[in-house]
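J.:
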């Protein structure tokens, strides 16, 4: 993946990427993507608690989040299925973005008009609909982000997307709670539904990316169709349906392994390992702060507010480094920093409730996490083919979080058995495979992926 840009950019040229229309658009699209997330998670749990819903029922509502983890199953539909009228008017990506945003807004309006205590089943169905549309919007926005700019700009686009996403989390979290406290939960969810207009207006304003590269995969699809359907004695319409499913579902994975060969297994292993250290540590972060003796106000001020701005700063630095130096160096640097900052938590466990030390640790953790996240998203984006962007990226993003969530489930067991300091050392050690894999992958030239220059940039890149 030794993929340094063809022309080395200076810092001023690298920073100029944040002024591109695509980067500004991703800020607002990130806001649209982040807004529904808490409205079907922690903010929703607070509403259900206020409504007197049982703790068991509230726990079952957490299953709504499974929708985000299994979006890879309908990503091929978003990649290939045109929407009547909308696709002709807006294009493939923008049509799905608009449909998903309309679905989220309608779902939030339905939730606002229902009483959770009196119509819990219908309320749950509305929440599932919001989560499904939100995951669909994520698929379409990720595909748009990858296709609207060249590979070296992906770190910067990821940074502005993350910034918008984090702002939306503040609005849907603290903002919704504030509105509910002043007026009502109905008013809070009505306000959130109205704010989905940010995404709608952005979708209507941006330009659809080019899709000419899709024709490059047609020979591959024909070969796979012949191999799988050559002995199938089926009616013509069934063969057409089978061919569509093969092209949409099977060929994205065949394409990835064809371009990478056996090296694809190392790439997938890196994707699965890269965030294990970060996710495992994060499970025990808040219990650690409380058990160490910090007050809730101190945790909120340093971890949530101060940490928020440091995380955004890390994302922008990561995007800048990717634009300046390419993917390999920032990806490896992020893996080293994320594992290394876990050792600072082990040091804090020995020092005790020192507020200045907490600020140092939180600063390092959020800066490194933001940098690594921006570089890693840019790396995942570089692995996709433009003909299968949505399907392949949905697969990568699912693999990215599932191993970390599984290993993180045992975090409490390690803390109970050994204490916090050994736990954070253990979390740092979990980052070593990611460091070694990032170094190994970085030494290999990136496979060629046919990409069409984004609209308006063709002359610039020739």
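In this note's numbering, the protein residues as written are 3 to 464. We treat Cβ as the ideally placed atom computed from N, Cα and C, and that holds for glycine.
1) For the ligand HEM, I want to know if residue 412 counts as a neighbour, meaning its beta carbon is within less than 6 Å of at least one of the ligand's heavy atoms.
2) Which residues in the same chain as residue 411 place their Cβ atom closer than 7 Å to its Cβ, once the five residues preceding and following it in sequence are excluded?
3) Expressed to the nearest angstrom, what Euclidean distance is found between the alpha-carbon atoms of residue 453 and residue 118?
4) Between which residues of its own chain and residue 461 is the CB-CB distance below 6 Å, once the five residues before and five after are set aside?
5) So residue 268 packs on residue 439, CB below 8 Å; how close in whole Å?
6) State the DSSP-derived secondary structure class of residue 333, mapped to helix, strand or coil.
7) Taking 7 Å as the cut-off, decide whether the C-beta atoms of residue 38 and residue 106 are in contact.
8) Residues in the same chain with beta-carbon distance under 8 Å from residue 165, minus the five sequence neighbours each way, listed in chain order, please.
9) Quick check on residue 254: buried or exposed, where buried means 16 or more other Cβ atoms within 10 Å of its Cβ?
10) Quick check on residue 185: buried or exposed, where buried means 16 or more other Cβ atoms within 10 Å of its Cβ?
11) What span of residues does the alpha helix (DSSP H) with residue 316 cover, start to end?
12) State the DSSP-derived secondary structure class of residue 81, mapped to helix, strand or coil.
13) Look at the alpha carbon of residue 14 and the alpha carbon of residue 102, and state the distance between them as a whole number of angstroms.
14) Give the list of continuous alpha helix (DSSP H) stretches no shorter than 4 residues that lie fully inside the region 331 to 387.
15) At 4 residues or longer, what runs of the alpha helix (DSSP H) sit wholly inside the region 60 to 131?
16) With a threshold of 8 Å on Cβ separation, who are the neighbours of residue 402 within its own chain once the five nearest residues in sequence on each side are excluded?
17) Closest by CA to residue 252, which one among 312, 81 and 70?
18) Compute the Euclidean distance between the alpha carbons of residue 34 and residue 27, then round it to the nearest angstrom.
19) So residue 324 and residue 154 are supposed to be a Cβ contact under 8 Å. How far apart are they, rounded?
20) Taking 7 Å as the cut-off, decide whether the C-beta atoms of residue 304 and residue 364 are in contact.
21) One question on the structure: do residue 24 and residue 182 come within less than 7 Å of each other, judged by their Cβ atoms?
22) Taking Cβ positions, are residue 78 and residue 393 nearer each other than 7 Å?
23) Given 8 Å as the limit, is there contact between the region 343 to 351 and the region 425 to 438, that is, 3 or more CB pairs closer than that?
24) Taking all protein chains shown into account, decide if residue 335 is buried (16 or more other Cβ within 10 angstroms of its Cβ) or exposed.
25) Rounding to the nearest angstrom, what Cα-Cα distance links residue 300 and residue 173 in this structure?
26) I need the straight-line Cα distance from residue 58 to residue 371, nearest angstrom please.
27) Check the C-beta distance from residue 422 over to residue 296 and give it rounded, since I have them as a contact under 8 Å.
28) Just tell me which of 176, 76 and 189 has its CA closest to the CA of residue 116.
29) Apply the 10 Å Cβ neighbour rule to residue 64 and answer buried if 16 or more other Cβ atoms are within range, or exposed otherwise.
30) According to the neighbour-count rule (16 or more other Cβ atoms, all chains shown, within 10 Å of its Cβ), is residue 134 buried or exposed?
31) Nearest-angstrom Cα distance between residue 367 and residue 340?
32) Between which two residues does the alpha helix (DSSP H) holding residue 2 run?
33) Starting from the Cα of residue 373, find the closest Cα among 41, 187 and 280 and give me that residue.
34) Sorted by chain position, which residues of the same chain lie with C-beta nearer than 7 Å to residue 350's C-beta, five sequence neighbours on each side aside?
35) Quick one: is residue 21 buried, meaning 16 or more other Cβ sit within 10 Å of its Cβ, or exposed?
T.: In this structure, then:
1) For the structure depicted, the ligand HEM is absent and the ligand set is empty, with no information on it obtainable.
2) Residue 411 sits at position 409 when you count from the first residue of the chain shown. There are no such residues.
3) Here residue 453 corresponds to residue number 451 of the chain shown, with the count starting at 1. Here residue 118 corresponds to residue number 116 of the chain shown, with the count starting at 1. Legend: pLDDT at residue 453 = 46, less than 50; position of this residue unreliable, no value from coordinates given.
4) Sequence index remark: in the chain shown, residue 461 carries index 459 (1-based). Because the pLDDT at residue 461 is just 35, under 50, the model does not fix this residue reliably, and the value given afterwards should be weighed accordingly. Result list for residue 461: empty, nothing under 6 Å.
5) Here residue 268 is taken as the residue at index 266 of the chain shown, counted from 1. Here residue 439 is taken as the residue at index 437 of the chain shown, counted from 1. Yes, residue 268 and residue 439 are in contact; Cβ-Cβ is about 7 Å, under 8 Å.
6) Along the chain shown, one-based indexing puts residue 333 at 331. Three-state DSSP puts residue 333 in a helix.
7) Working through the chain shown from its first residue, we reach residue 38 at position 36. Working through the chain shown from its first residue, we reach residue 106 at position 104. A contact, by the Cβ cut-off of 7 Å.
8) Numbered from its first residue, the chain shown carries residue 165 at position 163. Counting only Cβ-Cβ distances below 8 Å, and skipping sequence neighbours, we find 29, 32, 314, 317 and 318.
9) The residue you call residue 254 lines up with position 252 of the chain shown. By the 10 Å Cβ count, residue 254 comes out buried.
10) As a position in the chain shown, residue 185 is number 183, starting the count at 1. That one is exposed.
11) Your numbering for residue 316 matches position 314 in the chain shown. Residue 316 -> alpha helix (DSSP H) spans 309 to 327.
12) Within the chain shown, the letter at position 79 stands for residue 81. It is helical.
13) Mapped onto the chain shown, residue 14 falls at position 12. Mapped onto the chain shown, residue 102 falls at position 100. Roughly 37 Å separates the two Cα atoms.
14) 357 to 384
15) 68 to 71, 77 to 82, 88 to 92 and 94 to 115
16) Position 400 of the chain shown holds residue 402. Taken in chain order, the residues that qualify are 273, 274, 276, 277, 378 and 382.
17) Position 250 of the chain shown, counted from the first residue, corresponds to residue 252. For residue 252, the nearest C-alpha among the options comes from 81.
18) Mapped onto the chain shown, residue 34 falls at position 32. Mapped onto the chain shown, residue 27 falls at position 25. Answer to the nearest angstrom: the Cα atoms are 11 Å apart.
19) The residue you call residue 324 lines up with position 322 of the chain shown. The residue you call residue 154 lines up with position 152 of the chain shown. Indeed they touch by this definition, with Cβ atoms about 6 Å apart.
20) Here residue 304 is taken as the residue at index 302 of the chain shown, counted from 1. Here residue 364 is taken as the residue at index 362 of the chain shown, counted from 1. Yes, the pair counts as a contact, with Cβ atoms nearer than the cut-off.
21) One-based indexing of the chain shown puts residue 24 at position 22. One-based indexing of the chain shown puts residue 182 at position 180. Against a cut-off of 7 Å, the Cβ pair of residue 182 and residue 24 comes out as no contact.
22) Position 76 of the chain shown, counted from the start, is the residue given in the question as residue 78. Position 391 of the chain shown, counted from the start, is the residue given in the question as residue 393. Going by C-beta atoms, residue 78 is nearer than 7 Å to residue 393.
23) yes
24) Position 333 of the chain shown, counted from the first residue, corresponds to residue 335. Counting Cβ neighbours within 10 Å, residue 335 comes out buried, since at least 16 surround it.
25) Stepping through the chain shown from its first residue, residue 300 is reached at position 298. Stepping through the chain shown from its first residue, residue 173 is reached at position 171. Cα to Cα, residue 300 sits roughly 21 Å from residue 173.
26) If you number the chain shown from 1, residue 58 lands on position 56. If you number the chain shown from 1, residue 371 lands on position 369. Spanning the two alpha carbons is a distance of roughly 34 Å.
27) What you label residue 422 is simply residue 420 of the chain shown in a count that begins at 1. What you label residue 296 is simply residue 294 of the chain shown in a count that begins at 1. Residue 422 to residue 296, Cβ: 13 Å. No contact.
28) Sequence index remark: in the chain shown, residue 116 carries index 114 (1-based). For the residues 176, 76 and 189, the minimum Cα distance to residue 116 belongs to 189.
29) Within the chain shown, residue 64 is the residue found at index 62, counting from 1. The residue in question, residue 64, is exposed, as its Cβ has fewer than 16 Cβ neighbours within 10 Å.
30) Within the chain shown, numbered from 1, the residue matching residue 134 stands at position 132. Under this definition residue 134 is a buried residue.
31) On the chain shown, residue 367 is found 365 positions in, with the first residue counted as 1. On the chain shown, residue 340 is found 338 positions in, with the first residue counted as 1. When rounded, the distance between both Cα atoms is 7 Å.
32) Any property of residue 2 remains undetermined from this structure, which presents the chain solely from 3 to 464.
33) As a position in the chain shown, residue 373 is number 371, starting the count at 1. For the residues 41, 187 and 280, the minimum Cα distance to residue 373 belongs to 280.
34) Taking the first residue of the chain shown as 1, we reach residue 350 at position 348. Cβ neighbours of residue 350 beyond the five flanking positions: 359, 360 and 363.
35) As a position in the chain shown, residue 21 is number 19, starting the count at 1. Residue 21 comes out exposed.
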